[in-house]
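> Have a look at this one.
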Amino acid sequence: MPPSKRQRTVPTSRTTKDRKTLVRRLHASIQDLATTHRYIFVFSVTNTRNTFLKQVRAAFSDSRLAMGKTKVMAVALGRDAQSEVVPGVSRLNPYLSGEVGLLFTDRDVADVEAAFAGFWNADYARAGATASRAVRVPPGEITTMYGVEGGEEDPLPLAIEPQLRKLGVPTRIKAGKVVLEDAPEGGMLDVGDEGYLVCKEGDVLDSRQTSILKILGVRMADFRIQLRAVYDRQEEAVKELGGADGAGA
Numbered sequence: 031m032p033p034s035k036r037q038r039t040v041p042t043s044r045t046t047k048d049r050k051t052l053v054r055r056l057h058a059s060i061q062d063l064a065t066t067h068r069y070i071f072v073f074s075v076t077n078t079r080n081t082f083l084k085q086v087r088a089a090f091s092d093s094r095l096a097m098g099k100t101k102v103m104a105v106a107l108g109r110d111a112q113s114e115v116v117p118g119v120s121r122l123n124p125y126l127s128g129e130v131g132l133l134f135t136d137r138d139v140a141d142v143e144a145a146f147a148g149f150w151n152a153d154y155a156r157a158g159a160t161a162s163r164a165v166r167v168p169p170g171e172i173t174t175m176y177g178v179e180g181g182e183e184d185p186l187p188l189a190i191e192p193q194l195r196k197l198g199v200p201t202r203i204k205a206g207k208v209v210l211e212d213a214p215e216g217g218m219l220d221v222g223d224e225g226y227l228v229c230k231e232g233d234v235l236d237s238r239q240t241s242i243l244k245i246l247g248v249r250m251a252d253f254r255i256q257l258r259a260v261y262d263r264q265e266e267a268v269k270e271l272g273g274a275d276g277a278g279a
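With the first letter of the sequence shown counted as 1, position 65 gets the number 95 in the numbering used here; the numbers rise by one all the way through.
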């Protein structure tokens, strides 16, 4: 039987992205934006989260953000005086290292600096992150948002107890509450007088630990944006900002 010639819907998960097209599109977009906006800011991002980046884009709806491979951004702006898209912009190159992005805007530098100073959010750490502090599940009833300053400690839902136990936390349900199980004499449970140790400060967290921390509400990943430098098209000059961490790296 011959194959059907009817059109079929192909899920986007099965399609392949044309990387070269995306690179060319980013390159062209950066060059166009560089000629239509007065300022180009280079900013670095710590613990990138799409949710928080959307908040930044919303706050700068009159401007444009561009993020991608640093090599593509550097080539688009120009690596030297001969190839730069606008005069003097190639001096931004030393700041294009690590996880960085570009902000194209006509807002005053002071206004942008004030806006970026407020972009900070705490989020849950991912596997591979370094623990910023030690975390223990205290003896007795287990609560959520444990260790979060200003957070209310709500009782842990009973439905979560099996998940915690699967993650290796010795728990049980007692009088309708999720509590930390006492270590039996001579037993092997990792429970001391101070409770169950989830992680120590400086530990490289694995997926089990990050899952426990998320259940407890412990946020160890700080989403931060720091301005590194700004290019002024009218002045054809680059100014370093905020200590410019990573510049020249």
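Every residue, glycine too, gets a C-beta built ideally from N, C-alpha and C. This one's a predicted model, so the numbers in the text were calculated from it and none came from an experiment.
1. What is the residue span of the alpha helix (DSSP H) that Asp62 lies within?
2. Once the 5 residues before and after Asp230 are set aside, which same chain residues still bring their CB inside 7 Å of it?
3. For a test of the three-state rule: what should DSSP assign to Ala164, helix, strand or coil?
4. Write down every uninterrupted run of the beta strand (DSSP E) in the stretch 116-143 whose length is 3 residues or greater and which is fully enclosed by it, in chain order.
5. Does the Cβ of Arg49 have 16 or more other Cβ atoms within 10 Å, making it buried, or fewer, making it exposed?
6. Is DSSP giving Glu191 helix, strand or coil here?
7. Thinking C-beta only, is Glu266 closer than 8 Å to Gly108?
8. For Ile172, does the three-state DSSP call read helix, strand or coil?
9. Using the Cβ count rule (16 or more neighbours within 10 Å means buried), how would you classify Gln112?
10. Less than 7 Å between C-beta atoms, sequence neighbours within five positions excluded: which residues of the same chain meet that for Val102?
11. Please return the same chain residues whose Cβ sits closer than 8 Å to the Cβ of Thr240, not counting the five positions on each side in sequence.
12. Quick check on DSSP: helix, strand or coil for Leu186?
13. Does DSSP put Arg249 in a helix, in a strand, or in coil?
14. Is the beta carbon of Glu129 sitting closer than 8 Å to the one on Ser120?
15. Using a Cβ-Cβ cut-off of 7 Å (strictly less than) and excluding sequence neighbours within five positions of Leu186, which residues of its own chain qualify?
16. For Leu83, which three-state DSSP category applies?
17. According to DSSP, is Phe73 part of a helix, a strand, or is it coil?
18. With a CB to CB cut of under 7 Å and the five nearest residues on each side skipped, what residues in its chain are close to Pro169?
19. DSSP on Val105, reduced to helix/strand/coil?
Put simply:
1. Arg49 to Thr66
2. With the sequence shown as reference, residue 230 is identified as Lys, and Asp is not the correct amino acid for it. Same-chain partners within the cutoff: Ala161 and Ala164.
3. coil
4. 130-135
5. exposed
6. helix
7. no
8. coil
9. exposed
10. Val53, Leu56 and His57
11. Tyr154, Ala155, Arg156, Ala157 and Ala159
12. coil
13. coil
14. no
15. Ile172, Thr173, Thr174 and Val208
16. helix
17. strand
18. Leu210 and Gly225
19. helix
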